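J.: This structure is in structure tokens; I'll ask about it shortly.
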Amino acid sequence: MLEKIKSLLQELSKSERKVAELVLAQPNFVAHAPIAQIADMANVSQPTVIRFCRSVDCTGLQDFKLRLTRSLVSGVPYVHSAVEMSDTAHDLAAKLFDNTISSLMRTRNELNPDAIEQAVDILAKARKIEFYGLGNSGIMAQDAQHKFFRLGVPCISYSDPHIHGMSASLLKAGDAVVAISNSGRTIDLIRSVELAREAGAQVIGITHSNSPLAKRCNVTLYADTPEDPDLYSPMITRIVHLVIIDILAVGVALRRGPELIDQLEKIKRNLKERRVRGYEDR
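Laid out in structure tokens, this is it:
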């Protein structure tokens with residue numbers, strides 16, 4: 001609920017925004033205070049408090065308080081403020097862990113199971129899989145290739161826009177592309193996705209909802225995280241993307257069935273030969 005309020009902040013009216021800012025600053029107070037005290041603290045009228053509740057998709061104040069309370073007792077603190085210069089090492093660790101856990105839980109709750117099923121089906125049947133990303137997302141694409149090539153599916157990752165643009169135009173029906181982008185606004189990546197679809201390939205997007213990239217994919221897995229990649233390198237988003245990639249990899253592994261076990265065992269044997277002996281249990 002707190003993350004939802006923050007995302008809707010700019011869409012609220014000026015008076016409703018005062019209520020929203022009070023909720024974000026003092027969520028425990030709002031969860032237990034009567035409407036008169038909430039209105040007084042926010043310096044708005046009581047009807048404005050009700051309008052705010054409805055603006056965040058609640059039927060009224062009691063419904064809003066119930067949802068807010070559930071958010072507060074979920075076991076994962078919501079850290080509204082960013083790290084500050086005065087933060088201790090303990091504060092830094094707590095804020096980063098709590099923000100990451102909160103974002104993972106939010107993504108888990110909002111991830112569309114039908115979209116996951118469709119994405120796994122496309123990847124399990126694909127003749128070839130290409131992973132596209134730029135910058136930080138290019139590293140995610142490399143991680144995806146590292147996971148998927150062990151599943152016996154020909155795959156490759158590209159982080160150079162010229163290369164994945166050329167490769168996309170050479171794809172065919174039966175091929176698949178996984179396009180990874182936090183913002184979903186990168187022009188080169190969007191163009192490569194368009195080329196891939198024109199060539200007959202199916203495209204899975206891992207990106208922000210309502211982004212230009214999301215609208216151009218056959219299937220999109222949304223990763224909406226509360227950080228601004230225009231100012232900072234996305235840290236939380238990176239973790240969320242990695243988990244989504246893991247979900248797809250495990251899903252494809254399960255689809256491929258028992259015949260994959262021998263292949264994975266062979267890989268393990270090869271890796272074991274490259275490790276120092278005597279440390280198996282450490």
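Under the UniProt record's numbering, the residue at position 82 of the sequence shown is numbered 82, and the numbers go up by one with no gaps.
From the three backbone atoms N, C-alpha and C, an ideal C-beta is built for every residue, glycine too.
Nothing here was measured: the structure is a model prediction, and the numbers come from that model.
Given a cut-off of 8 Å, decide if A199 and L123 are closer than it, judged by their beta-carbon atoms.
T.: In this structure, A199 does not lie closer than 8 Å to L123 by Cβ.
J.: List in chain order: all unbroken alpha helix (DSSP H) runs of 4+ residues lying wholly within the UniProt domain "SIS" (119 to 258).
T.: Listed in chain order, they are 136 to 148, 161 to 169, 187 to 198 and 236 to 256.
J.: Can you list, in chain order, the residues of its chain whose CB lies under 8 Å from that of R185, leaving out five sequence neighbours each side?
T.: The answer, listed in chain order, is S211, P212 and L213.
J.: Can you tell me whether S103 is helix, strand or coil according to DSSP?
T.: Residue state, collapsed to three classes: helix.
J.: Closest to P258 by C-alpha separation, out of M140, G152, D91 and D143, would be which residue?
T.: The shortest C-alpha separation from P258 is found at G152.
J.: Could you check whether the segment 101 to 117 touches the segment 149 to 169, counting it as contact only if at least three pairs of C-beta atoms, one from each stretch, sit closer than 8 Å?
T.: With the cut-off at 8 Å, the segment 101 to 117 and the segment 149 to 169 do not touch.
J.: Between the beta-carbon of M140 and the beta-carbon of I180, is there less than 8 Å?
T.: For M140 and I180, yes; Cβs fall inside 8 Å.
J.: Out of N218, D121, L92 and P27, which one is the CA nearest neighbour of E3?
T.: Measuring from the Cα of E3, the nearest candidate turns out to be P27.
J.: Just verifying my parser: in three-state terms, what is the DSSP assignment at S55?
T.: Helix at S55.
J.: CA-CA distance, I38 and L12?
T.: Each residue's Cα considered, the two are about 17 Å apart.
J.: So V23 and V49 are supposed to be a Cβ contact under 8 Å. How far apart are they, rounded?
T.: Going by Cβ atoms, the distance from V23 to V49 rounds to 10 Å, so no, they are not a contact pair.
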